[in-house]
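Be aware that the sequence shown starts at 1, since it is given in our numbering, and climbs by one per residue. Here is the structure we will look at, set down as structure tokens.
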Amino acid sequence: MKHRSAGFTLVEMMFTVLILGTLLVLGVPGLRDFFRNSRMTAAANDLLADINIARTESIKRRVPVTVCASTDPLNATACGAKTATSFTGWFVFVDHNGDHLVSGAIAGPPAFPADVIIRRHELLPTGTTAKSDAGFISFADSGFLRSIGADASATRVVICDDRGNADVGSGRSAGRAVTVSPTGRAGVTRTVTAISGLGGC
Numbered sequence: 001m002k003h004r005s006a007g008f009t010l011v012e013m014m015f016t017v018l019i020l021g022t023l024l025v026l027g028v029p030g031l032r033d034f035f036r037n038s039r040m041t042a043a044a045n046d047l048l049a050d051i052n053i054a055r056t057e058s059i060k061r062r063v064p065v066t067v068c069a070s071t072d073p074l075n076a077t078a079c080g081a082k083t084a085t086s087f088t089g090w091f092v093f094v095d096h097n098g099d100h101l102v103s104g105a106i107a108g109p110p111a112f113p114a115d116v117i118i119r120r121h122e123l124l125p126t127g128t129t130a131k132s133d134a135g136f137i138s139f140a141d142s143g144f145l146r147s148i149g150a151d152a153s154a155t156r157v158v159i160c161d162d163r164g165n166a167d168v169g170s171g172r173s174a175g176r177a178v179t180v181s182p183t184g185r186a187g188v189t190r191t192v193t194a195i196s197g198l199g200g201c
């Protein structure tokens, strides 16, 4: 009896490789954008969560709580400049005497307990920018935004990658913006028009 070998012919194999190559060409850019969009969403949501925690803690503790920008957020015990315009890293702390400094206990008068760092967030990935209109977001014990001296709290942080404010479909931007109202309510927006209105990337 004749035995017939099972397997692929050269033509079948070449056709399979061609299909796989086409799928890769079509799929890889979409997968890359998926990961970049996920990274942008995570960055905006992390900042939004920390802002909401700061506001909640200020009301609960009845003291000022500040989210401040930092270039070394995992180790720093001092905020960056109040006039900084980058928010690529940050930490949240209880600012008992409201001076924008992470201070030890102050004997007074008036006396204040030591400030407490509540949360820290690592620097955003390389290539990601976070432009703000101030270097801190601070809440009074009412939950409203507060100024520190003559410096007003930030009301926006625009987060972008190398795509900038590009339209990725239906008017949605590749970037994200976290906004904070004077009453302390925060939210995330991602329309091209809104991000342009906030100064763009």
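No residue lacks a Cβ here, since even glycine has one placed at the ideal position from N, Cα and C. Fair warning: this is a prediction, and the values are worked out from it, not measured in the lab.
- Message: Just verifying my parser: in three-state terms, what is the DSSP assignment at Leu31?
- Response: Stepping through the sequence shown from its first residue, residue 31 is reached at position 31. In the displayed model, Leu31 falls within a helix according to three-state DSSP.
- Message: I need the DSSP call for Gly50, collapsed to helix, strand or coil.
- Response: Within the sequence shown, residue 50 is the residue found at index 50, counting from 1. Residue 50 is actually Asp in this sequence, not Gly. Asp50: helix per DSSP, three-state reduction.
- Message: Looking at the strands, I want to know which residues DSSP matches up with Ile159.
- Response: Position 159 of the sequence shown, counted from the first residue, corresponds to residue 159. For Ile159, which the question treats as bridged, DSSP gives the partners Ala130 and Arg176.
- Task: Report yes if the C-beta distance between Val157 and Ala130 is below 7 angstroms; otherwise report no.
- Result: Walking along the sequence shown from the start, residue 157 turns up at place 157. Walking along the sequence shown from the start, residue 130 turns up at place 130. Yes. Within cutoff.
- Task: Mind the definition here: the segment 86-95 touches the segment 108-122 only if three or more C-beta pairs lie below 8 angstroms; say whether that holds.
- Result: Yes, since at least three Cβ pairs between the segment 86-95 and the segment 108-122 fall closer than 8 angstroms, the two stretches touch.
- Item | Neighbourhood of Asp151 by C-beta distance below 7 angstroms, restricted to the same chain and skipping five residues each side | Sequence index remark: in the sequence shown, residue 151 carries index 151 (1-based). Around Asp151: Lys82, Thr83 and Ala134.
- Message: Tell me the rounded alpha-carbon separation between Cys39 and Ala114.
- Response: In the sequence shown, counting from the first residue as 1, residue 39 sits at position 39. In the sequence shown, counting from the first residue as 1, residue 114 sits at position 114. Per the sequence shown, the amino acid found at residue 39 is Arg instead of Cys. Arg39 and Ala114: Cα-Cα distance of roughly 35 angstroms.
- Euclidean distance between Cα positions of Gly187 and Ile51: For the purposes of this step, residue 187 is identified with residue 187 of the sequence shown, where counting begins at 1. For the purposes of this step, residue 51 is identified with residue 51 of the sequence shown, where counting begins at 1. Those two C-alpha atoms are separated by around 10 angstroms.
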